[in-house]
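All residue numbers for the first sequence refer to UniProt numbering, where the first residue is 1 and numbers rise by one.
In this text, a Cβ means the ideal position worked out from N, Cα and C, and glycines have one as well.
Have a look at the structure below, then the notes.
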Amino acid sequence: MPGPQAARDVTTPLSEWYRASARDLPWRRPGFHDEFGAWGVLVSEFMLQQTPVTRVIPHLEAWLSRWPTPASMAAATTADVVRQWANLGYPRRALWLHRAAVEITERHGGTVPRDVEALLALSGIGDYTARAVAVFAYGDRHPVVDTNTRRVLARAIGGQAQPGPPSRRDLELMASLLPTSVAESAVFNAAAMELGATVCTSRAPRCELCPLAGSCAWLAAGRPESRDERRRQATYEGSDRQARGAVLRLLRELSPEAAALHAVLPDWPDPRQRDRAIDSLIADGLAEADGEWLSLPR
DNA sequence: GATCCGTGGGT
DNA sequence: TACCCAAGGAT
C-alpha cells in the first residue's frame, strides 16, 4: 500500500488537471441534475456499462425524455424497454434497469437510494455502479473504481502496463488515496476515470499530456509491456452472441408483432445455433414464445 | 475466479 | 483486414 506521499503525488495534480481538462458531458452539466437528479445518473451509468460514451449520449437523452422518473419507467412494459434500448448492446441491462426502476418505486417510494448497500441490492447494480451513483449523484465519499481507474492506478502506482483482474483490493487502494474532503474525493474519483478514458488509455497512452508523468511508476520504468497475456475477447463473428443479437434485432423491428418461429432467420448458417439463441433469449426473459410465435415479452 | 453477455468505432 | 476494446454485472 502506498504511503501518504504517494497519495499526494497523485491526487493533487490529477484533480487540478480534471478541473482544466474534463470533457463536457451531459451528466456533468448542472441542468442535468436539476432535471433528472439521481435517476438520470443511474440511467447513464447503466448505459455506460461496457458501452462507449459517444454511443450512449443520444440514447440517454431519448430515454430520459420518455421516462424522466423511476415510476414512469416502472409502468412501461418489458417490450417497450427492450425496444427503447435499441442497439446499445448487452440487452439484459435493459431488463435489469427496468427491474431496478420497479424496485426503486416499490421499496424506496420512487427515490433512487443514496445508501451504497441499498443501491447494491438493486438489479444490475454492482460495486462500480452503486458507488458511482452515491458519489456522482449524491456527492458522498466512496471509492469509485472502473476499468479506467484500475489502469491509471496500475500504471502510476504499480508500474504495470495493465491492471490485473478486478478485485476488492482495487476498492481498498482507491479508498486509501481518496482525499479527506468529501467534495475533493468526488472530483478525484471522476478525475481518475477521466484520465484513463482520455489520456492513460489502454492502447496508445498520451503520456506527454499526463499530469502524473512526473511521478508515474510505469513511465519511470520505461513503459514496459505487460508481463502476462490478457484474455483475448472471443471472436464475435459466428458466435452465439451474434446469433442472439440477430434474433433480438428481428424481434425489436417486428414488435409489437410476433414472428412465426419458422420465419426467424431461416437462412442462418447454423440452425442449431439459431435455435440455441432463441432458447437462451427466452430463458433470459428477453423473448417470449406463444405456440409457434416468438416476440418480445408482452 | 472464469465465463458469458452486443455492438460499433478506432487503428 | 483483423484485432482491440469499451464508466460491468450475474452466475
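CB contact flag (L281, S255, <9 angstroms): Counting from one through the first sequence, the residue named residue 281 turns up at place 281. Counting from one through the first sequence, the residue named residue 255 turns up at place 255. Not closer than 9 angstroms, so no.
Sequence-distant residues of the same chain with beta carbon closer than 7 angstroms to A74, five excluded per side: In the first sequence, counting from the first residue as 1, residue 74 sits at position 74. Only residues of its own chain outside the window of five on either side were considered, and among them A101, V102, T105 have a CB closer than 7 angstroms to the CB of A74, listed in chain order.
Runs of alpha helix (DSSP H) wholly within the stretch 62-104 (minimum 4 residues, chain order): Correct list: 70-74, 78-85.
Contact check, A156 vs A204, beta carbons under 9 angstroms: Against the first sequence, residue 156 aligns to sequence position 156. Against the first sequence, residue 204 aligns to sequence position 204. Contact flag unset, no.
Continuous alpha helix (DSSP H) stretch holding D170: start and end: What you label residue 170 is simply residue 170 of the first sequence in a count that begins at 1. Run containing D170: 168-177, per the alpha helix (DSSP H) assignment.
Proximity below 9 angstroms, CB of S42 to CB of L195: Translated into positions along the first sequence, residue 42 becomes position 42. Translated into positions along the first sequence, residue 195 becomes position 195. Looking at the sequence shown, residue 42 is not Ser but Leu. Going by beta carbons, L42 and L195 fall outside the 9 angstroms limit.
Proximity of H59 and A86 at Cβ, strictly below 9 angstroms: Here the question's residue 59 lines up with position 59 in the first sequence. Here the question's residue 86 lines up with position 86 in the first sequence. A contact, by the Cβ cut-off of 9 angstroms.
6 angstroms CB neighbourhood of T129 in its chain, flanking five on each side removed: Position 129 of the first sequence, counted from the start, is the residue given in the question as residue 129. Hits under 6 angstroms: E45.
Counted within 10 angstroms of its Cβ, other Cβ atoms place Y18 as buried (16 or more) or exposed: The residue labelled residue 18 in the question sits at position 18 within the first sequence. Burial call: buried.
Other residues of its chain near P248: CB distance less than 8 angstroms, five sequence neighbours each side excluded: Along the first sequence, read from residue 1 onward, the residue named residue 248 stands at position 248. Before going on, a small fix: residue 248 reads as Leu here, not Pro. Once the five neighbours on either side are set aside, the close Cβ partners of L248 are V82, P91, L281, L286, A287.
Test item: CB-CB of R131 and P143 under 9 angstroms: As a first step, residue 131 must be located in the first sequence, where it is residue number 131. As a first step, residue 143 must be located in the first sequence, where it is residue number 143. It is a contact, given that the beta carbons lie within the stated cut-off.
Straight-line gap, residue 303 to G222 (C-alpha atoms, nearest Å): There is no way to answer for residue 303, as the model of the chain reaches only from 1 to 298.
CA-to-CA distance, V199 to E208, given in whole angstroms: As a first step, residue 208 must be located in the first sequence, where it is residue number 208. As a first step, residue 199 must be located in the first sequence, where it is residue number 199. Those two C-alpha atoms are separated by around 9 angstroms.
Test item: CB-CB of T69 and G110 under 9 angstroms: Indexing the first sequence from 1 puts residue 69 at position 69. Indexing the first sequence from 1 puts residue 110 at position 110. Yes, the pair counts as a contact, with Cβ atoms nearer than the cut-off.
Buried versus exposed call for R23 [16 or more other C-beta atoms within 10 Å across all chains shown]: Here residue 23 refers to the residue found at position 23 when the first sequence is read from its first residue. Label assigned to R23: exposed.
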